[in-house]
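Trainee:
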Amino acid sequence: MKSYVASGIVLIFGFAIFPSAVLAADPWADMVVSYSPGTDPAPGFTNADAALGEPTRDSIAFGGFVISPFGGAADPSEVVSLGDGGELVVKFDEPVVDDPLNPFGIDLLVFGNSFLGLSSFNNDDTDLATGPTFGEGGVISVSANGTDYFVVDGIDADGRFPTNGYTDISIPFPTDGNVPTDFTKPVDPSFDVTGLNTAGVIAGYDGSGGGAGIDLASVGLSEISYVKVVNPQGSGSTPEIDGFADVRAVPEPNTLALLCVSVLTSLKRQTRRG
Ligand SMILES: [Ca+2]
Ligand SMILES: [Ca+2]
Ligand SMILES: [Ca+2]
Ligand SMILES: [Ca+2]
601 MKSYVASGIV
611 LIFGFAIFPS
621 AVLAADPWAD
631 MVVSYSPGTD
641 PAPGFTNADA
651 ALGEPTRDSI
661 AFGGFVISPF
671 GGAADPSEVV
681 SLGDGGELVV
691 KFDEPVVDDP
701 LNPFGIDLLV
711 FGNSFLGLSS
721 FNNDDTDLAT
731 GPTFGEGGVI
741 SVSANGTDYF
751 VVDGIDADGR
761 FPTNGYTDIS
771 IPFPTDGNVP
781 TDFTKPVDPS
791 FDVTGLNTAG
801 VIAGYDGSGG
811 GAGIDLASVG
821 LSEISYVKVV
831 NPQGSGSTPE
841 IDGFADVRAV
851 PEPNTLALLC
861 VSVLTSLKRQ
871 TRRG
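What follows is the structure, given as structure tokens:
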């Protein structure tokens with residue numbers, strides 16, 4: 601009887617507090633539908649599966665380093681490149697939903713290997729973000745059915761905000777991190793990095809792992825399962841893609857309090873019954 605009650609509790613907590621975690625087996629893209637490298641992708645970076653699963657936190661390139669907003673993923677096992685005219689289409693097993701409880705209205709995150717400009721390279725707190733993000737474009741479009749795609753205007757796939765692996769870093773090029781960021785949490789789109797040192801940038805990320813944030817409402821869709829990234833012919837750049845994430849809904853404090861009350865009430869009921 602006790603074990604029955606215990607599993608009931610887990611179920612209650614799971615449904616009450618992490619509804620999207622229960623629905624989504626994992627929040628990352630699950631399948632490559634198609635990949636066309638285009639002309640002259642970054643040499644060797646043509647493994648499309650690199651865009652599936654969790655974005656890169658620690659790169660194995662150059663002997664290994666920690667991903668920060670100042671240095672992105674750089675190994676062919678981590679990112680896939682789109683040459684001139686290249687195109688990548690991925691699919692999520694569970695739909696990405698335009699959930700009103702998603703932070704800043706952002707529902708989908710696309711991760712590239714962009715990085716922030718720096719005023720100097722002392723690798724300490726005197727190095728300041730100059731403002732611009734060094735990305736390489738990539739036009740994002742989304743689709744519910746895999747046939748009808750809607751272009752997301754003004755948001756580059758390999759652009760703002762650069763990926764960050766850990767919240768406890770204080771220099772631009774750290775060799776280690778202990779507290780992982782949340783790749784399902786968007787950065788506040790109004791955050792301006794200009795003039796901030798690493799600690800300031802990390803504080804502004806507020807635990808997020810970065811990524812280009814997309815509000816599905818902006819294209820009039822309530823949910824999508826397919827994401828396409830195109831490098832238009834003649835763009836002059838070669839975007840890299842690291843991964844895609846379904847943003848995790850965050851219940852408002854009032855909702856959370858109510859859920860806790862209801863969980864406690866049902867626990868009491870179960871205890872009485874047992
Ligand atoms: Ca998934
Ligand atoms: Ca939204
Ligand atoms: Ca890039
Ligand atoms: Ca990846």
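Per my numbering, the sequence shown starts with residue 601, numbered consecutively.
All C-beta atoms in this analysis are idealised placements derived from N, C-alpha and C, irrespective of residue type, glycine included.
(1) Give the DSSP bridge partners of L716, in chain order.
(2) Helix, strand or coil for T798 per DSSP?
(3) Which word fits P669, buried or exposed, when buried means at least 16 other C-beta atoms lie within 10 angstroms of its C-beta?
(4) Please return the same chain residues whose Cβ sits closer than 8 angstroms to the Cβ of P789, not counting the five positions on each side in sequence.
(5) May I ask whether a heavy atom of ligand 1 can be found less than 7 angstroms away from the beta carbon of E694?
(6) Let me check you understand the geometry: is the CB of D815 closer than 7 angstroms to at least one non-hydrogen atom of ligand 2?
(7) Kindly give me the distance between the Cβ atoms of G717 and P762, rounded to whole angstroms, as I take these residues to be in contact under 8 angstroms.
(8) Does the distance from the C-beta atom of D727 to that of N797 stay below 8 angstroms?
(9) Label G843 either buried or exposed according to how many other C-beta atoms from any shown protein chain fall within 10 Å of its C-beta, with 16 as the threshold for buried.
(10) Below 8 angstroms on the Cβ atoms is my contact criterion, and I expect F783 with E654 to pass it. Report the Cβ-Cβ distance as a whole number of Å.
(11) Is the beta carbon of A757 sitting closer than 8 angstroms to the one on V710?
(12) Evaluate F721 with the Cβ neighbour count: other Cβ atoms within 10 Å of its Cβ, from every protein chain shown; 16 or more gives buried, anything less gives exposed.
(13) Roughly how far, in whole angstroms, is the beta-carbon of S835 from the beta-carbon of D640, given that I think they are within contact range, below 8 angstroms?
(14) When DSSP labels each residue in this structure, what does V819 get in the three-state scheme?
(15) For V850, which residues in the same chain have their Cβ closer than 7 angstroms to its Cβ, ignoring the five residues on either side in sequence?
(16) From S719, W628, S681, pick the residue whose C-alpha is nearest to that of G735; which is it?
(17) Quick check: what's the CA-CA separation for E823 versus F645?
(18) Would the beta-carbon of Y826 fall within 8 angstroms of that of V689?
(19) Bridge partners for D675 per DSSP, in chain order?
Mentor: Inspection of the coordinates gives the following:
(1) L716 is bridged by DSSP to T733.
(2) T798: helix per DSSP, three-state reduction.
(3) buried
(4) F704, I706, G813
(5) yes
(6) yes
(7) Actually they are not in contact, since the Cβ atoms of G717 and P762 sit about 10 angstroms apart, beyond 8 angstroms.
(8) yes
(9) buried
(10) 6 angstroms
(11) yes
(12) So F721 counts as exposed.
(13) S835 to D640, Cβ: 12 angstroms. No contact.
(14) helix
(15) Excluding sequence neighbours, V850 sits near L701, P703.
(16) S681
(17) Our two residues, E823 and F645, have alpha carbons roughly 30 angstroms apart in a direct line.
(18) yes
(19) Note: D675 sits in no beta bridge, so no partner.
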